[in-house]
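In the working numbering, the protein residues as written are 3 to 506.
Backbone N, C-alpha and C fix where the C-beta goes; we use that ideal spot for every residue, glycine too.
In this text, all values refer to a predicted model and were calculated from it rather than measured experimentally.
In what follows, a single structure is set out as structure tokens and then discussed.
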Amino acid sequence: MLPNFFDSVLELIIRTSTDLAPDVRAAMKVAMTVEPAGTQAAQALTIIAENIDQAAADEGAICQDTGMPTFEIMAPIGANQAWMTGRIHEAIAEATRRGKLRPNSVDSITGKNSGNNLGPGTPVIHFEQWERPEIEIRLLLKGGGCENTNIQYAVPCELPHLGRADRNLDGVRKCILHAVWQAQGKGCSPGAIGVCIGGDRASGYLHAKRQLFRTLDDVNPDPALARLEAEVMGTVNDLGIGTMGFGGRTTLIGCKVGALNRLPACYFVSVAYDCWCFRRVGVVLDKTTGAITGWLYRDPSHPALPMIDQAGFTRTGREVVLTSPITEAEIRALKVGDVVLLNGRMYTGRDSVHAYLMKHDAPVELNGGVLYHCGPVVLKDGDGWKMMAAGPTTSIREEPYQGDVIRKFGIRAVIGKGGMGAKTLQALQDAGAVYLSAIGGAAQFYARCVKKVPGVSLLEFGVPEALWHLDVADFPVIVTMDSHGNSLHKEIETESAKRLAVMD
Ligand code: SF4
Numbered sequence: 003m004l005p006n007f008f009d010s011v012l013e014l015i016i017r018t019s020t021d022l023a024p025d026v027r028a029a030m031k032v033a034m035t036v037e038p039a040g041t042q043a044a045q046a047l048t049i050i051a052e053n054i055d056q057a058a059a060d061e062g063a064i065c066q067d068t069g070m071p072t073f074e075i076m077a078p079i080g081a082n083q084a085w086m087t088g089r090i091h092e093a094i095a096e097a098t099r100r101g102k103l104r105p106n107s108v109d110s111i112t113g114k115n116s117g118n119n120l121g122p123g124t125p126v127i128h129f130e131q132w133e134r135p136e137i138e139i140r141l142l143l144k145g146g147g148c149e150n151t152n153i154q155y156a157v158p159c160e161l162p163h164l165g166r167a168d169r170n171l172d173g174v175r176k177c178i179l180h181a182v183w184q185a186q187g188k189g190c191s192p193g194a195i196g197v198c199i200g201g202d203r204a205s206g207y208l209h210a211k212r213q214l215f216r217t218l219d220d221v222n223p224d225p226a227l228a229r230l231e232a233e234v235m236g237t238v239n240d241l242g243i244g245t246m247g248f249g250g251r252t253t254l255i256g257c258k259v260g261a262l263n264r265l266p267a268c269y270f271v272s273v274a275y276d277c278w279c280f281r282r283v284g285v286v287l288d289k290t291t292g293a294i295t296g297w298l299y300r301d302p303s304h305p306a307l308p309m310i311d312q313a314g315f316t317r318t319g320r321e322v323v324l325t326s327p328i329t330e331a332e333i334r335a336l337k338v339g340d341v342v343l344l345n346g347r348m349y350t351g352r353d354s355v356h357a358y359l360m361k362h363d364a365p366v367e368l369n370g371g372v373l374y375h376c377g378p379v380v381l382k383d384g385d386g387w388k389m390m391a392a393g394p395t396t397s398i399r400e401e402p403y404q405g406d407v408i409r410k411f412g413i414r415a416v417i418g419k420g421g422m423g424a425k426t427l428q429a430l431q432d433a434g435a436v437y438l439s440a441i442g443g444a445a446q447f448y449a450r451c452v453k454k455v456p457g458v459s460l461l462e463f464g465v466p467e468a469l470w471h472l473d474v475a476d477f478p479v480i481v482t483m484d485s486h487g488n489s490l491h492k493e494i495e496t497e498s499a500k501r502l503a504v505m506d
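Pasting the structure below:
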């Protein structure tokens, strides 16, 4: 039965995780050309571009968060869907074993990571039948950072800075603008959004996510929705949120809107936000062998052009070079906008580690140290470990804990993405610490800055949630919250809110 099916699905997963489709590359190239050289957005885009090339060249995960694998499958009548589901599960487990997917499936009751990306609800597989002979499989890998910025509106509603959104396309437009604004850089902008008008709460989100399977350069067949998409794309980048929320000219690279019928009483607008690391690819399979007969979104006979045509991220000489442990004086000298090159030891820590540190002593010395919000992909390598992917995760989740953790352990620098809130900003001032933004999704770029993984603590939390010990060299980050009460994130949010208000 379909002897090549497993290999085809495995190849699809690996390709999706490691090589961005040409339409996304083209949109990111445009984003690179419109940002003035030397800006924080331009620097971030250079790192992103370098990362995309590194991932494709070495077949490494573009971003360490390989997301929730979501398969949309068109199968001929009579195809054995249960058998195909079994092989897809095997391919997912194999891709995880090879480090192409991060173990991302967590038991919601016990917190235990299954370790192979399998478990109730993981992966997501939707089958539909069609009267054609071939099998078509599309795969979307959408990470947690951007998933957390999805939003659903029950219209009519009052929107901050935009006023009332009514039950018409102008109300939908307002919801979309608000969705992009509230995401700021937390979903690793520039993003692409799928939108559903109508449906119920569940079908609305599903249909919104399905819009992400459209190509970025297509035109909506419904003229009214095509006009809405064009109108959003014509104005949304004036918000000035920019790459990673650093400010800049490109906030969104795509807006795709669909519609479902609704109940008379309900009018939902559901928005699925995907990040710049917009991973979706598809294959067409022979119905008798399961071998790949064609690709969707990409043409293997035309290899993608490199994103970087010059040197990539280079030093300007203005960077501040710091080696941990870092002193308070070194931290107090930093201000928002400084680029820092970090050296020495840092430790990863995200949700489970923060919750643990609130109640326990640290298993390592954190005084003067650097805490990295990162859930890496790490493989066992003999007696040691090999870093496969190591970009930052969204920091705002740690807002309830971060200030207390900084004060309790004397941490001097926290690295993450998307910024943090008022409580952390106050702790940075009080304790003499700093928040440093790494570039979201740049997992291959940062993995190359990790020279050694000398150990790990709290591995019982699972690979992404463990406290990894990393020795790094020239790890580039940008100061976006300093010890003097300044926050680039707060500044951009306030400024973009003013711009949003005039889009009413
Ligand atoms: S690029 Fe950012 S939002 Fe996207 S999957 Fe990676 S960390 Fe998450």
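| At which residues does the alpha helix (DSSP H) containing Thr426 begin and terminate? | 424-433
| field | Minimum C-alpha distance to Leu469 - residue among Asp9, Phe315, Met30, Ala357 | value | Ala357
| Taking the alpha carbon of Gly487 as the point to measure from, which residue in Leu336, Gly250, Glu400, Val342 has its own alpha carbon closest? | Leu336
| Of the residues Phe463, Ser10, Arg203, Ala33, which one's Cα is nearest the Cα of Gly351? | Phe463
| request: Could you give the DSSP three-state label for Phe7: helix, strand or coil? | output: In this structure, DSSP gives Phe7 a helical state, which the three-state scheme calls helix.
| query | What is the DSSP secondary structure of Ala194, reduced to helix, strand or coil? | reply | strand
| field | For Gly145, the three-state DSSP class (helix, strand or coil) | value | coil
| request: Give the range of the beta strand (DSSP E) segment to which Trp278 is assigned. | output: Segment: none, Trp278 is in no beta strand (DSSP E) and carries neither H nor E.
| task | Would you kindly work out how many angstroms separate the C-alpha atoms of Leu218 and Thr295, rounded to a whole number? | result | 24 Å
| query | For Cys257, which residues does DSSP report across the bridge? | reply | Checking the DSSP bridge columns, you'll see Cys257 partnered with Ile195.
| Gln446 and Gly62: beta carbons closer than 9 Å? | With a cutoff of 9 Å on beta-carbon distance, Gln446 and Gly62 are scored as near each other.
| task | Could you tell me whether the stretch 183-190 touches the stretch 145-154, using the rule of 3 or more Cβ pairs below 8 Å? | result | yes
| message | Please determine whether the Cβ atom of Thr395 lies at a distance below 8 Å from any heavy atom of the ligand SF4. | response | yes
| request: Could you tell me whether the stretch 72-92 touches the stretch 126-145, using the rule of 3 or more Cβ pairs below 8 Å? | output: yes
| query | Do you know offhand how far Ala449's Cα is from Asn263's? | reply | Straight-line Cα distance between these residues: approximately 46 Å.
| query | With respect to the beta strand (DSSP E) encompassing Ser459, which residues constitute its N-terminal and C-terminal limits? | reply | 452-459
| field | Supposed close pair Gln42, Phe248 - CB separation, criterion 8 Å | value | 4 Å
| CB contact flag (Val372, Ser397, <9 Å) | no
| task | Could you tell me how far apart the beta carbons of Tyr155 and Cys190 are, in whole angstroms, since I believe they sit closer than 8 Å? | result | About 22 Å; that fails the 8 Å criterion.
| Cβ atoms of Lys144 and Gln213: under 9 Å apart, would you say? | no
| Where Gly244 and Val338 are concerned, what is the direct C-alpha to C-alpha distance, given to the nearest angstrom? | In this structure, the CA atom of Gly244 is about 17 Å from the CA atom of Val338.
| task | Consider the C-beta atom of Lys419 and the heavy atoms of the ligand SF4; say whether any pair is separated by less than 8 Å. | result | yes
| field | Segment contact, 8 Å Cβ cut-off, at least three pairs: the stretch 157-165 with the stretch 127-137 | value | no
| message | Looking at the secondary structure, which residues open and close the beta strand (DSSP E) in which Lys114 lies? | response | Looking at the DSSP string, Lys114 is not in any beta strand (DSSP E), and its letter there is neither H nor E.
| said: Does Gly80 come out as helix, strand or coil in the three-state DSSP assignment? | reply: coil
| said: For His375 and Asp353, I'd like the C-alpha separation in whole angstroms. | reply: 9 Å
| Contact under 9 Å by Cβ, Leu103 with Ser19 | For the 9 Å CB-CB criterion, Leu103 and Ser19 form a contact.
| request: Return yes when the Cβ of Ile480 is within less than 9 Å of the Cβ of Gln45, no when it is not. | output: yes
| query | Considering only the beta carbon of each residue, do Ala77 and Trp132 sit closer than 9 Å? | reply | yes
| Can you tell me whether DSSP reads Arg169 as helix, strand or coil? | Correct three-state label for Arg169: coil.
| message | Just verifying my parser: in three-state terms, what is the DSSP assignment at Ala39? | response | Under the three-state reduction of DSSP output, Ala39 falls in the coil class, being neither helix nor strand.
| message | Which residue wins for smallest C-alpha separation from Gln431, given the options Val455, Ser485, Pro192, Gly420? | response | Ser485
| request: Could you check if Thr35 is buried or exposed, using at least 16 other CB atoms within 10 Å of its CB as the buried criterion? | output: That one is exposed.
| task | May I have the straight-line CA-CA distance separating Ala29 from Ala97, to the nearest angstrom? | result | 28 Å
| said: With a threshold of 8 Å (Cβ to nearest heavy atom), would Trp278 be considered close to the ligand SF4? | reply: yes
| On the three-state DSSP scale, how would you describe Met246? | helix
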